[in-house]
Structures are given as C-alpha cells and as structure tokens.
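Heads up: the protein sequence lines correspond to chains A and B, in order.
Those letters in the first sequence? Residues 1 to 410, per the UniProt record's numbering, in order.
Those letters in the second sequence? Residues 1 to 337, per the UniProt record's numbering, in order.
From the three backbone atoms N, C-alpha and C, an ideal C-beta is built for every residue, glycine too.
Just so it is clear, the structure is predicted and the values come from calculations on it, not from any experiment.
Here is the structure we will look at, set down as structure tokens.
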Amino acid sequence: MVPHSAKNLNVPAPRHRPGEKPEFDDLDISNAGALPRPHVMSDPKELFPFANGIIRVLNMKGQAHGEWDPKLDPEVLRQGLRDMLTTRIYDDRMQNMQRVGKMSFYMKSRGEEAVAVAQAMALDKDDMLFPSYRQQGLLISRGRDLLDMMNHCLSNAGDNCKGRQLPIMYTWKEGNFFSISGNLGTQFCQAVGWAVASSYKGEDAIASTWIGEGTTATADFHHGMTFAAVYDAPVLLNVVNNQWAISSFQGFAGGEKATFASRGIGYGMPGLRVDGNDFLAVYAVTKWAAERARNGGGPTLIELFTYRADAHSTSDDPTKYRPEDEARVWPLGDPVERLKGHLIEIGEWSEERHTQAMAEITSLVTQKYKQAEALGTLNTGERPPVSSMFEDVFEEMPDNLRRQRQQLGV
Amino acid sequence: MAKMNMVQAINSAQDVMLEKDNSVVIFGEDVGYFGGVFNCTEGLQKKHGLQRVFDTPIAEGGIIAMAIGMGVNEMRPVAEIQFSDYIYPAFDQILSEASRLRYRSGGEYWAPITVRTPCGGGIRGGQTHSQSPEGIFTHVSGIKTIMPSNPYDAKGLLISAIEDNDPVVFFEPKRLYNGPFYGDPKDPPQAWEKHELGEVPEGHYTIPIGKANTVRKGTQMTIVTYGTMVHVSTAAADLSGYDVEVIDLRTLIPMDLEHIVESVTRTGRCLVVHEATKTGGFGAEILSQIQEECFWALEAPIERVAGWDLPYPHAFEWEYFPGKARVLDAIKHVMEG
C-alpha cells in the first residue's frame, strides 16, 4: 500500500456529465469577422492570435462578416449545402440500416459536415486527401456515387475494398481519396510524405489530412508536424476538434492547457483555429492554407472547432458519458442550419426550397440504397468471390497463399 | 566485377538504383552528409544531391510513414532504420499500414518501400544494438523479409527489393558488413575480398526474392539457416565429419519451401539455425513446415539452434551467441541421436 493523499495530481473532467445542465457561456469565442485575414505568406510568428482566437465569418443570425468572407457565388453555397445535406441524410440511412442488421458498423458525421464538405470544395481535385474516419463529406463533395459508398459499407460484390474493410473505411483512388485506416493517426505523416513527393516532382498538388483532437496525443501527430515543418511539405494538417474521443473529452489530449491550433507555434508553422460549423470560415481558412502551401509556404495546422453531435459510432451510447442535450446548446450551432440560414438571409434560399431539396436527396438515397441492397449485404446476396480474400496481400500471390486457398477449396 | 565488402555492395545497390530511377530516394537518420553510421550511404548525397539522399528527424515511425506517403505518390523510397533495435517505433506503420495497404484498399493503393536495417549481434553492441527481430516481421502478412549473408547476394537482393512493388524489410547482419564470420570471436577478422562472394558486379543485377541458395552440398543432413549463421553453420559442417548440406534462405518471406523440401527429403535429417531467440522464432515456422512436408522422409527429429530466450546480454555475448560449438553439437545430435 502507498499513502493516497493526492496533492497536485490533475485528472481532467469535462464540463458536464449526464444529468447536468450543459452551459458554454464562458467559452471564449471570437465574434464573426473580428479577426483580420493575414497575408498567406505571413511569418508564422505573426499568426499567434489566429491559433488562440476562432476565425469566424457567419454570425448566429446567418450574416457574413469580415475579411475572411470568401464571397462565394450563391450557387457554390447551394452546392455546399446540398452536399452537407446529402452527407447527413446518407448517414442517417446507413445508421438505420446498421440498426436493422444490414451491416456491422457505422459512424455518422452529424455536426461535422462543414469540415469535410467546405474543405473538399476549397481544395483542387488533384489534391490528395488522407482522411480519418468521419469525413465522408469529402467523398460526397468530390462526386463519388452513393451506390459505391453503400456497396462498400455493405461489403457486397460491388465493394471496391472487396469486403476486407469495416464499413466507412473507404478507399477511392479515382477521387484522390486515400484508404482509411482503423488505426488512428497513422495517415497524418503519410500525407506529409505524399506532399514531400509532390514537392520532389515539382507538382502543384498538395495533400490534406485529418486527425481528431484526441489523436493529437499520438506520436503520429508529432511525426507529421515535425516532418512537415522540416521539409516545408505542402500539406494541410487538420485537427477536427469535435470535443469528444468516444467518452474522453478533449482535456485528455491536453486541450485545456492550450488550443490544438497553438501546437503549430512550436513547430514554426501557422496554426489557425476556425469555427468548424461555419461553412464560409472553413472554406476561407482552407483556401488560405492551400494557397500558402502551393506557393512554397509549407504546412498549416488547422484546428476545426466543432462538436460531435452524435455517438462516436454505432457501438457507443453518448448519453452514458455526456448530457443528452449538449449538442443542442453547443454555442456554435449546427453547420447545416447555419449555412441554410445564411442563404435565406441573402435571399438565395427558402424553407420551401430546403424542404424540396431534402425530399429529393432522401429519395435519391433511398433509391441508391435499394440498388445496393439488391446487390447484397453482409448477410445476404452477392459477396465478392471468397477466393478473392487471398488476393492483394502481395502484388503476386506467393505459394503459401495459393496452397491455403486450395486448402479452403476456393 | 569488383571486390566489395557488404557495406560497399549495399552502397553500390543504392547508387545503381539512384542512377537508374529518379523515383528512388534514400533517407534515414545520419544517412545524408555523414553517409550512415555504418557508411552504407557514404558519398551518395554528394553524388546524387541533397534532395535524393537526406537526413531525417529521429523518429522511426515518421520515417516509415513518410516513406509510405511517398510510395503512394509514385516514388520508391529506401528508408534506413539505423539499428533494427530501433525499428519498433515504426512497427505500427510497417504492420498496420505498409503491409495492409494493398489488401485493405482492394488493390487500389500500395507503397513500394524498402526498409533497410542492420541487425544481429557479435559486435559488442549490448541489447539495444544486437537484436534479430526478423521473426516479428515474418509473422506479418503483406511484407517481404530478406536477410542476405554476403556482398553478392546483398546487392542483388537489395536491387530486387527496391524494384519490388511490395514493402520489403531488408535486414543486414552487421557482423558480416566487413567480412564473413565463422562464429569464433578469437579467429582473426576475415575480409570479403578473399571470399568468392566478395566479387560483385559494379552495375545492375538482381537476385530473385523468394529463392534460397544451397551454399554447401551434402547428402547426410540439411541445415536451413540465414544471415550470419550461414557462415557459422558452414564452418561447423566443415568440422563435423558429416556430409552436411547448408541452405541459405536469403528471403524469409516468401519462403522457398520447395528448395528446403527437396533437400530434406533427400538427406532425411535437418537442423534449423538462427541467431534470433528460439521461442516463437522464425525457426519454429521453418521446422513446422518441414515436418508437414517431409515427415515420412525424416530419420531423426528436426532440431534448432538459436539464441537463448533472453535480451541480448552485453558481457555474455559469446555465451549467448549460437556459435560454432553449439551448431557442431547439434549436428552430432541430429546424426547420432
């Protein structure tokens, strides 16, 4: 036995637990338009205020303010809204299908749709995406057929991953979307390597990668930061701070000590903290960092300050670790509602059009799902051929795998 | 042809590939200006430029992650891990990423990376500079594992590894860098220039991955081994008075089972020798597969000589190292019961 008379031992605790009333009144949130837009080639030392404030364009009334306003064409904004809605409706459908046993697992991105969709729109099609597991909006924005995404999640004969990966661990080479790993953080420094190769070849394409705030605790995060800084890699290093890593709040990644964006300061790279539920701000900050990278300015760390509005995955119940209504009172609102509000505010959208768009998307998702299910699910219909499970371990199948395949009789 | 030791042969393989293919780059800790702690990249930065042969941060996980990302972006990176004892921080990147990428992406992505790393003992390196971790890698589906035993093989295999589209972990037994080692530290050091396998072509040539090599013909028993123990086993065979065949595996994965089975079926006896610790080592896999394929041809149980199941003990290096005497005893035991 040792004495237990803890003096200075800090074990972080979140603001609220189930049964408590969530309040965020003391959260230090900059006003929309308050922060200026610095020159893209600014010295990182001049950018400290952007790591500690929050870059915002849209206020909570749907009005755009300040230098960061990307002044996008309303058609672009409507496309962004449509893609976010598609992501949300797709997510809901897939989660429901998991609940009725059509697939093994699912992860929604509710509340974080602006992160993936606005960033995809701000990047070029040739730019390489190294996502984590909650950026399905990247695929939707880049125009991947929902049927292909569903076929993957159902592990049916149409799954381009050939039934080898958990649902949502997408791969899409044609869309420059890397293969998602279930091991967190591993893609962070790989994106840096991809970007270094782009520099080596003298190409304009940059890389962009996403990591959760919880995963900033891994060595992989620091590897990515160090290598990106050392080689001036043209890469966007995005930390999606959605406040929760399953049941561990961001304090367990050190988020109470300093902002995640401020991690960039020690590496000599810009760290920009942005309202992740503000489509316009996310778009603008991504454009800024992409332009900097393309001009030889190297990497930028972007903290997307947002909130995971649903469970981590279909395997956890968030009411066990946080108040049920925390998402509802999140002071930065919901990204879909905010962009919708902005479009209505500027007279480019209406409740009627929104209702109609939702109906159209819901119908599309339903139709695509029927096609996917007709092909097969994890338990019914057509799977990839069993013999294919022995393929792609190596470029050419070695003898031991050939023998094992024969042993299985396929 | 030129006289080369193993360091020069490995250097030459990289030089040839840098010359031949712009997508080849070489990086690792101290490999650039300094030329590597074992000189395996000496002069390459000066010859091929700062952007093709360069130093990295001291972060093995980052080194391999960067290599994977570059490999996905059409390059053929060769990453050096300074000692295989330092490879563990990179293990997740090798196991969960490099080796799984082609499979998990349904063949859409792969990373043709080569990871070079010095391994093995006999250099007074203590437990952090002497390990033989190859068995940890042979257990992983999706990576090729190579360990050459001489300069000629080292160059040909390294070129094959760099040109291969799968990830390869290339173990270099550092006790063999400057000359063959026959297992007795009291022997005067040997140089590769007096050895026929120290004759190495200066240009491009390959040795196929996955092909074993019989280095000593024999009829009474077969020793299956690789790396430094090829030479120790051959020396023990010479002293044994028996007609012992010695097979140098060269590539562990994919393993050339056919070659082994042909020999053991003919000789009826087998000994497996490696420097790595015994329990769960790659020798157990070799033995098991021979048993499955050759049981009815066997005249005696298959035995193993391996490192003791210990961390590598600095002051007891030669009690730990499976030297000539232990191999000789095992040969006799297999032959005489």
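- [ ] Return the residue from the list Lys211/B, Cys270/B and Thr138/B that minimises the CA-CA distance to aspartate 153/B.
- [x] Lys211/B
TODO: Identify the continuous beta strand (DSSP E) that holds histidine 223/A and give its terminal residues.
DONE: Here histidine 223/A belongs to no beta strand (DSSP E); instead the alpha helix (DSSP H) covers 219 to 230.
TODO: Taking only beta-carbon positions, decide if arginine 102/B is within less than 8 Å of chain A.
DONE: yes
Task: N- and C-terminal bounds of the beta strand (DSSP E) containing cysteine 270/B - done: 270 to 277
Task: Beta-ladder partner(s) of asparagine 213/B, from DSSP - done: Asp248/B
Task: Ordered list of beta strand (DSSP E) runs contained in the region 309 to 335 of chain B, each at least 3 residues - done: none
Task: Status (buried if at least 16 other CB within 10 Å, exposed otherwise) for isoleucine 58/B - done: exposed
TODO: Following the continuous beta strand (DSSP E) through phenylalanine 252/A, name the residue where it begins and the one where it ends.
DONE: First-last for phenylalanine 252/A: undefined, no H or E at that position.
TODO: May I ask you to list, following chain order, the residues of the region 3 to 32 of chain B that have a beta carbon less than 8 Å from some beta carbon of chain D?
DONE: The structure shown contains no chain D; its protein chains are A and B.
- [ ] Name, please, each residue of chain A whose Cβ falls closer than 7 Å to the Cβ of aspartate 166/B.
- [x] Phe394 and Glu395
TODO: Enumerate in chain order the residues of its own chain whose CB-to-CB distance from histidine 312/A is below 6 Å, with the five nearest sequence positions on each side excluded.
DONE: Ile246
TODO: Enumerate in chain order the residues of its own chain whose CB-to-CB distance from tyrosine 133/A is below 8 Å, with the five nearest sequence positions on each side excluded.
DONE: Met107, Ile168, Met169, Ile180 and Gly182
Task: Contact set between isoleucine 68/B and chain A, taken where Cβ atoms lie within less than 8 Å - done: Gln190 and Gly193
Open item on the list: In whole angstroms, give me the CA-to-CA distance for glutamate 391/A and tyrosine 103/B.
Closed with: 7 Å
Task: Chain-ordered chain A contacts of residue 347/B [CB-CB under 8 Å] - done: Lying before the first or after the last residue shown, residue 347/B is absent from chain B, which here runs from 1 to 337.
Open item on the list: For serine 141/B, would you say it is in contact with chain A, using Cβ-to-Cβ distances shorter than 8 Å as the test?
Closed with: yes
Task: Of the residues Ala284/A, Ala118/A, Arg338/A and His152/A, the one placed nearest proline 36/A, counting alpha carbons only - done: Ala284/A
Open item on the list: Strictly under 8 Å for the Cβ-Cβ distance: is threonine 186/A near chain B by that measure?
Closed with: yes
Task: Three-state secondary structure (DSSP) of alanine 90/B - done: helix
Open item on the list: Output needed in chain order: residues of the region 192 to 212 of chain A with a Cβ under 8 Å from some Cβ in chain B.
Closed with: Val192, Gly193, Trp194, Ala195, Val196, Ala197, Ser198, Tyr200, Lys201 and Ala207
- [ ] Drop a sphere of 10 angstroms on the beta-carbon of glutamate 222/B, count the other beta-carbons inside from all chains shown, and report buried for 16 or more, exposed for fewer.
- [x] Per the sequence shown, residue 222/B should be read as threonine rather than glutamate. Per the 10 Å Cβ criterion, buried.
Task: proline 118/B - containing beta strand (DSSP E), residue span - done: 114 to 119
Task: Supposed close pair glutamine 135/A, tryptophan 210/A - CB separation, criterion 8 Å - done: 5 Å
Task: Cβ of glycine 283/B within 8 Å of any chain A Cβ - done: no
TODO: Kindly say whether valine 410/A, judged by its beta-carbon, lies nearer than 8 Å to any beta-carbon of chain B.
DONE: no
TODO: Round the Cβ separation of valine 168/B and isoleucine 143/B to the nearest angstrom and send it over; I've been treating them as touching at under 8 Å.
DONE: 7 Å
- [ ] Give the straight-line distance between the Cα atoms of threonine 226/A and leucine 237/A, rounded to the nearest whole angstrom.
- [x] 11 Å
TODO: For phenylalanine 227/A, return the contacting residues in chain B, with the cut-off set at a CB-CB distance below 7 Å.
DONE: Pro57, Gly62 and Met66
Task: Alpha-carbon to alpha-carbon, alanine 111/B and proline 384/A - done: 24 Å
Open item on the list: Here's the rule I'm using: 16 or more other beta-carbon atoms within 10 Å means buried, otherwise exposed. How should proline 148/B be labelled?
Closed with: buried
TODO: Could you name each continuous alpha helix (DSSP H) segment of 4 residues or more that falls completely within the region 287 to 349 of chain A, going from the start of the chain to the end?
DONE: 326 to 329 and 335 to 345
- [ ] Starting from the N-terminal side, write out each stretch of the alpha helix (DSSP H) that is 4 residues or longer and does not extend beyond the region 110 to 149 of chain A.
- [x] 113 to 122 and 136 to 141
Task: Rounded C-alpha distance that separates lysine 368/A from methionine 150/A - done: 8 Å
TODO: Report yes or no: do three or more beta-carbon pairs, one from the region 91 to 98 of chain A and one from the region 57 to 73 of chain A, lie closer than 8 Å?
DONE: no
Open item on the list: Under 8 Å: do the region 278 to 292 of chain A and the region 111 to 127 of chain A share three or more Cβ pairs, one atom per stretch?
Closed with: yes
- [ ] Below 8 Å on the Cβ atoms is my guess for leucine 249/B versus tyrosine 226/B; work out the distance and round it to an integer in Å.
- [x] 4 Å
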